[in-house]
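Engineer: Heads up, the sequence shown is in this note's numbering, so the first residue is 1384 and it goes up one at a time.
One structure, as structure tokens, below. Some questions next.
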Amino acid sequence: MSRPATPDALLLGGCNEILLLVDARDLSIQAVNQGALRHLGHSREALVGRPITDIECALTDVFFWEDVRQGLVPEIRDAEASYLMANGELLSATKNITQAPDGSGRLVICATPVGRLRHAEAELADASAHLRATLEATAEGILLVHRSGAIVNMNHRFSCLWQLPEALLLARDDQAIQAYLAAAMADPEAYRRRLKEIRPDTEDETQDILHLADGRILARKSRPARQQKLIIGRVFSFTDITEQKATEARLKLAASVFTHAQEGIMITDPGGTILEVNDTFSRITGYSRTEVTGRNARILSSGRQGPEFYQNLWHDLAHKGHWQGEIWNRRKDGTMYAEMLNIAVVRDEAGRVSHYVALFSDITTLKQHQSQLERIAHYDALTGIPNRVLLADRLQQAIARTRRDQRLMALVYLDLDGFKEVNDTHGHETGDELLIAISQALKDTLRAGDTLARLGGDEFVAVLTDLGSPGECEVVLERLLRAAASPVRIKGNPLQLSASLGVTLYPHDGSDADALLRHADQAMYQAKQAGKNRYHLFDPEQDRQAKTHWESLARLTQALEQGEFELHYQPKVHMRRGQVVGAEALIRWRHPERGLVAPGEFLPMIEGTDLIARIGDWVLDQALAQMSQWNQAGLELAVSVNIAAHHLQKEDFLARLRDKLAAHPLVAPAQLELEVLETAALEGIAHVSRVIEGCRALGVDFSLDDFGTGYSSLTYLKRLPAGVLKIDQSFVRDMLWDTEDLAIVEGVIGLAAAFRRSAIAEGVESAAHGALLLRLGCELGQGYGIARPMPAADLPPWIAAWQPESAWQAAHNHPLSREDMGTAYAEVDLRHWSRALEHHLHGQLGSAPVSSPLNCRFGNWYRGEGRARYGRRAAFSRMEPLHEELHRIGEALLTHRADGRADLVEQGLAKLLQVQEQLIACLHQLPQEN
């Protein structure tokens, strides 16, 4: 089967009809045949590429092709046509339009020319088309109604205004269209009634307003349509006036706002000439509209604003287009008023200023009220002087001025002494009058530029500025003290107070305003504590130390929370039996940077704080846990724990201790001993006694630590049921060469025996310390001479390997009686002399000890008390030559030192100590011989 010929090929045929191939998208002629060129007189070049509407010029053709452009392409169309020929005449034809068979969407026009008999019909069609074009060209919606009521015609604008659906237009159902129009109205029934009133066959011309349901507003006009004198129908025109009505409403609203606005409104030209004002303008200014129209706005000027104010105003108007602010103006009667003014620039289409619009409101009453509120907010209601709020502002200004002028400023915190008693005795009314009188007296003492403020109650603050030296401040402070102490008579009652002043100087105290006030307050309390009626100067260095203290507290709290503390244990031994009887738990701080820190460096910082109690609880928990582990391992060891006074005095101490013991059932309460400082126990002896009794009821015993450093009162000792007295290490350490320390140690041991308490000596640093303690009757000891504090893991092996000093057994076998106690003191005198000589030889003393054996303290004992009691004993007779040799060696050592013979000095010292030990051995033998 052969393929059909394409439209392009057909156009090449030689038929007599006019054949045109048209693109449906842009209506351009794409091909023509010879018949078209012959009938129309155009060349092929003149036709190809031109829109078909250039040669099909009937209005019906224009509408048809516009539909095609919109995509309404017909399957087939038969119609009359008029073609514009090259000579300007019209060629009438009948045409058939079909789609090209190639599926390209192009259209094929086949037109057959007709004779001139159709010319008249063509002219009639053109007239109709012109009418249609006219209808479509108007901006109004046009509806033509026959006098019978049938719809004759409508333009496209009408269908758009009423948003007629396409299906309704194609149906050509007049009743359906009228029903649709009625339904589109806000009030359909009113529309129908009015439509019946407008008869299409009358001479009346009508106009009314239609309100549509969608909010639009249409203006409707109608007039009769005539053919000559015969009315053949009615023409309706519809115009959308929605925006016009909205504009009218806005204008009406603007006019109403202008007239009824509560703000004054003034409109001027660019030169400031007043063009219009509203009623509120007249009410505020007192000028009527006629009085100000045509005059310059300067008539309102009060003169209170300077040139700079108006320069800034005009600058903002020029660059920002508006200005807003407060301004003082003058009314017609000359009175001033404050107004809140807002000026806006109005420009024309060229951007030039055409008007200024000013809106303002009278805020005079508001300003007066604001002034009253500011006074209430900034001044004390009772005394009338500045309050805390105004003080803060004045203080900031004073700080800035002092810094700028490089002068001094003093901040004085003043508190009246005895004011509460006046209130309680004479009543608050009298107290208030007294405050008024004193505040005035204080204010009168200050210089110009100084500030006195009341913080509340009987507390005042003075800011003294422009001081050249602290001495100038002292003069004012003395005047303030005298003013505060001046007698005042209130209701016939003579009253007199005094004041305590705290002072801080800026910039010596380089703090901010709040800190300065706080520092002055602290200094005032110190003045109170020092006796009142005086002033005290704040010390920045002392404050820095306080800050350091609080920072240390914070760091120690962090150390506790992060587990940086640990316990070491120092053994306690029974020197006579050679047995380890317990250990003291001692806290250490494993600092991340500093390493192991001793308790003496950090515990004093937290003494008396809640942190000392928290750490004390931690120590108890750790010690009990460690004791439980040791018990499980077969090492039953008593452990003593130091308890701070603040911790011990907690109300729940006993309950918490009971809970801790219950949490460690493997630990017998008797294994735990609590140590409390003697001085701390005596501070709250009644409470401490009750706590000790409560602990003993639980099975936990107490020891008094550092015994001998406090009052050591027999009454107090009787009231404190502690089972152990712990002799302070400072006495034990020095008792070998200090008879006063020896006497204290002897006394504590005697007190312990008298009150049936145990005594333990800390500070045992050598075998000699232990031996002397045993001779005095003290069998328990601890100290570096026995063992240093060690980690818990090191204690069991140390206990297993420990051996007591051999000298201790001999010392215990021969304790000193009261009658033989003099030998102990003689021994200490001897050691003291040797020690003094050694220190002098090493440059540690200014003068040498007594060199004669007859004048030294040991020599005095030997010839006196010693000879009387021990003169017939063999050991006593051996002592004199040894004592004389000791002094000869001493004299030789002094000579060697003077000669610069350091080697002989060291050799001689060794010999001296040997002789000394021989003498001491003789002393130890004296009580043993009969």
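Every residue, glycine too, gets a C-beta built ideally from N, C-alpha and C.
So which of D1570, W2001, H1951 has the shortest CA-CA distance to L1593?
Structural biologist: Working through the sequence shown from its first residue, we reach residue 1593 at position 210. For L1593, the nearest C-alpha among the options comes from D1570.
Engineer: With a CB to CB cut of under 7 Å and the five nearest residues on each side skipped, what residues in its chain are close to R1530?
Structural biologist: Indexing the sequence shown from 1 puts residue 1530 at position 147. Correct list, in chain order: P1583, D1584, I1614, I1615, G1616.
Engineer: For D1652, does the three-state DSSP call read helix, strand or coil?
Structural biologist: By one-based count along the sequence shown, residue 1652 stands at place 269. It is coil, neither helix nor strand.
Engineer: P1769 and A1727 - do their beta-carbons sit closer together than 7 Å?
Structural biologist: One-based indexing of the sequence shown puts residue 1727 at position 344. One-based indexing of the sequence shown puts residue 1769 at position 386. No; because the gap between Cβ atoms is not below 7 Å, this pair is not in contact.
Engineer: How many angstroms separate the CA atom of V2115 from the CA atom of D2124?
Structural biologist: Here residue 2115 refers to the residue found at position 732 when the sequence shown is read from its first residue. Here residue 2124 refers to the residue found at position 741 when the sequence shown is read from its first residue. Cα to Cα, V2115 sits roughly 7 Å from D2124.
Engineer: Leaving aside the five residues before and after P1954 along the sequence, list all residues of the same chain whose C-beta is less than 8 Å from its C-beta, in chain order.
Structural biologist: Residue 1954 sits at position 571 when you count from the first residue of the sequence shown. Closer than 8 Å at the Cβ level, and outside the excluded window around P1954, lie V1963, G1965, A1966, Q2165, I2169, A2170, L2178, W2181, I2182, W2185.
Engineer: With DSSP as the reference, identify every bridge partner of L1401, one or two as the case may be.
Structural biologist: Counting from one through the sequence shown, the residue named residue 1401 turns up at place 18. Contrary to the premise, residue 1401 reads as Ile rather than Leu in this sequence. Looking at the DSSP assignment, I1401 forms a beta bridge with A1494.
Engineer: Check whether the Cβ atoms of M1958 and L2277 lie closer than 7 Å to each other.
Structural biologist: Your numbering for residue 1958 matches position 575 in the sequence shown. Your numbering for residue 2277 matches position 894 in the sequence shown. Their beta carbons are not under 7 Å apart, which means M1958 does not touch L2277 by this criterion.
Engineer: Should C1543 go down as buried or exposed, given a rule of 16 or more other Cβ atoms within 10 Å for buried?
Structural biologist: Numbered from 1 along the sequence shown, position 160 holds the residue referred to as residue 1543. Looking at its Cβ environment, which holds fewer than 16 other Cβ atoms inside 10 Å, C1543 is exposed.
Engineer: DSSP state of V2050, grouped into three classes?
Structural biologist: The residue you call residue 2050 lines up with position 667 of the sequence shown. Correct three-state label for V2050: coil.
Engineer: Assuming V1886 and L1860 form a contact by the criterion Cβ under 8 Å, report the distance between their Cβ atoms to the nearest whole angstrom.
Structural biologist: Counting from 1 along the sequence shown, the entry for residue 1886 is found at position 503. Counting from 1 along the sequence shown, the entry for residue 1860 is found at position 477. Indeed they touch by this definition, with Cβ atoms about 7 Å apart.
Engineer: From the DSSP secondary-structure annotation, give me the bridge partner or partners of G1524.
Structural biologist: By one-based count along the sequence shown, residue 1524 stands at place 141. According to DSSP, G1524 bridges with F1621.
Engineer: Considering Cα atoms alone, identify which of V1844, H1752, L1829, R1830 is closest to S1795.
Structural biologist: In the sequence shown, counting from the first residue as 1, residue 1795 sits at position 412. The sequence shown places Val at residue 1795, rather than the Ser named in the question. Here the closest residue by C-alpha is V1844.
Engineer: Rounding to the nearest angstrom, what Cα-Cα distance links N1679 and I1657 in this structure?
Structural biologist: Translated into the one-based positions of the sequence shown, residue 1679 becomes position 296. Translated into the one-based positions of the sequence shown, residue 1657 becomes position 274. If I take the Cα positions, the gap works out to 6 Å.
Engineer: With DSSP run on the structure shown, which of helix, strand or coil describes K1803?
Structural biologist: Taking the first residue of the sequence shown as position 1, residue 1803 is located at position 420. Looking at K1803 - three-state DSSP - the assignment turns out to be helix.
Engineer: Does the Cβ-Cβ distance between E2274 and S2235 come in under 7 Å?
Structural biologist: On the sequence shown, residue 2274 is found 891 positions in, with the first residue counted as 1. On the sequence shown, residue 2235 is found 852 positions in, with the first residue counted as 1. Against a cut-off of 7 Å, the Cβ pair of S2235 and E2274 comes out as no contact.
Engineer: Could you please give me the residues that DSSP links to K1604 through a beta bridge?
Structural biologist: One-based indexing of the sequence shown puts residue 1604 at position 221. Note: K1604 sits in a beta bridge opposite Q1590, S1620.
Engineer: Take R2214 as the anchor and find which of F1619, G1734, D2121, Y1693 has the nearest alpha-carbon.
Structural biologist: For the purposes of this step, residue 2214 is identified with residue 831 of the sequence shown, where counting begins at 1. With distances taken between Cα atoms, R2214 lies closest to D2121.
Engineer: When we look at the beta-carbon of G2247 and count the other beta-carbons within 10 Å, is it buried (16 or more) or exposed?
Structural biologist: Within the sequence shown, residue 2247 is the residue found at index 864, counting from 1. Burial call: exposed.
Engineer: Give me the Cα-Cα distance between A1882 and R1758, rounded to the nearest whole angstrom.
Structural biologist: Along the sequence shown, one-based indexing puts residue 1882 at 499. Along the sequence shown, one-based indexing puts residue 1758 at 375. So the two alpha carbons sit approximately 27 Å from each other.
Engineer: In whole angstroms, what separates the C-alpha of R2255 from that of H2279?
Structural biologist: The residue given as residue 2255 occupies position 872 in the sequence shown. The residue given as residue 2279 occupies position 896 in the sequence shown. In a straight line, the C-alpha of R2255 is about 38 Å away from that of H2279.
Engineer: Determine contact between the segment 2024-2036 and the segment 1992-2006, defined as no fewer than three beta-carbon pairs at a distance below 8 Å.
Structural biologist: Yes, they touch.
Engineer: What alpha helix (DSSP H) runs, 4 residues minimum, are completely inside the segment 1430-1465?
Structural biologist: The qualifying runs are 1442-1452.
Engineer: Around the Cβ of T1676, are there at least 16 other Cβ atoms within 10 angstroms (buried) or fewer (exposed)?
Structural biologist: Along the sequence shown, one-based indexing puts residue 1676 at 293. Exposed.
Engineer: Relative to the C-alpha of L1750, which residue among A1783, I1710, S1737, D1716 is closest?
Structural biologist: What you label residue 1750 is simply residue 367 of the sequence shown in a count that begins at 1. In the sequence as displayed, the identity of residue 1750 is Lys instead of Leu. Residue I1710 is the option with its Cα nearest to K1750.
Engineer: Which value, in whole angstroms, describes the spacing of the CA atoms of F1664 and F1743?
Structural biologist: As a working note, residue 1664 is residue 281 in the sequence shown. As a working note, residue 1743 is residue 360 in the sequence shown. When rounded, the distance between both Cα atoms is 8 Å.
Engineer: Let's test the definition: count the other Cβ atoms within 10 Å of the Cβ of R2140 and tell me whether it reaches 16, buried, or not, exposed.
Structural biologist: Counted from its first residue, the sequence shown places residue 2140 at position 757. So R2140 ends up on the buried side.
Engineer: Which first and last residues belong to the beta strand (DSSP E) in which W2185 is found?
Structural biologist: For this step, residue 2185 is matched to residue 802 along the sequence shown. From DSSP, W2185 is part of no beta strand (DSSP E); its letter is neither H nor E.
Engineer: Whole angstroms is fine: what's the gap from T2206's alpha carbon to A2142's?
Structural biologist: Counted from its first residue, the sequence shown places residue 2206 at position 823. Counted from its first residue, the sequence shown places residue 2142 at position 759. Roughly 22 Å between the two C-alpha positions.
Engineer: Give me the Cβ distance between V1846 and R1790, rounded to the nearest whole Å; I'm assuming they're in contact under 8 Å.
Structural biologist: Working through the sequence shown from its first residue, we reach residue 1846 at position 463. Working through the sequence shown from its first residue, we reach residue 1790 at position 407. Incorrect: roughly 13 Å between the Cβ atoms, too far for contact.
Engineer: Figure out for me which residue from L1526, A1906, A2069, L1404 has the closest Cα to the Cα of D1485.
Structural biologist: As a first step, residue 1485 is located in the sequence shown; it is residue number 102 there, counting from the start. The option with the nearest alpha carbon to D1485 is L1404.
Engineer: Mind checking which residues open and close the beta strand (DSSP E) that includes Y2253?
Structural biologist: As a position in the sequence shown, residue 2253 is number 870, starting the count at 1. Run containing Y2253: none in the beta strand (DSSP E); it sits in the alpha helix (DSSP H), 2250-2253.
Engineer: Measuring CA to CA, which of L1899, F1921, A1898 is closest to Q1909?
Structural biologist: Here residue 1909 refers to the residue found at position 526 of the sequence shown. When only C-alpha atoms are compared, the closest one is F1921.
Engineer: What residue range is occupied by the uninterrupted alpha helix (DSSP H) comprising H2223?
Structural biologist: Counting from one through the sequence shown, the residue named residue 2223 turns up at place 840. Its alpha helix (DSSP H) spans residues 2204-2224.
Engineer: Work out the CA separation of E2263 and P1987 for me, nearest whole Å.
Structural biologist: Numbered from 1 along the sequence shown, position 604 holds the residue referred to as residue 1987. Numbered from 1 along the sequence shown, position 880 holds the residue referred to as residue 2263. When rounded, the distance between both Cα atoms is 50 Å.
Engineer: What is the DSSP secondary structure of S2023, counted as helix, strand or coil?
Structural biologist: By 1-based counting over the sequence shown, the position of residue 2023 is 640. S2023: strand per DSSP, three-state reduction.
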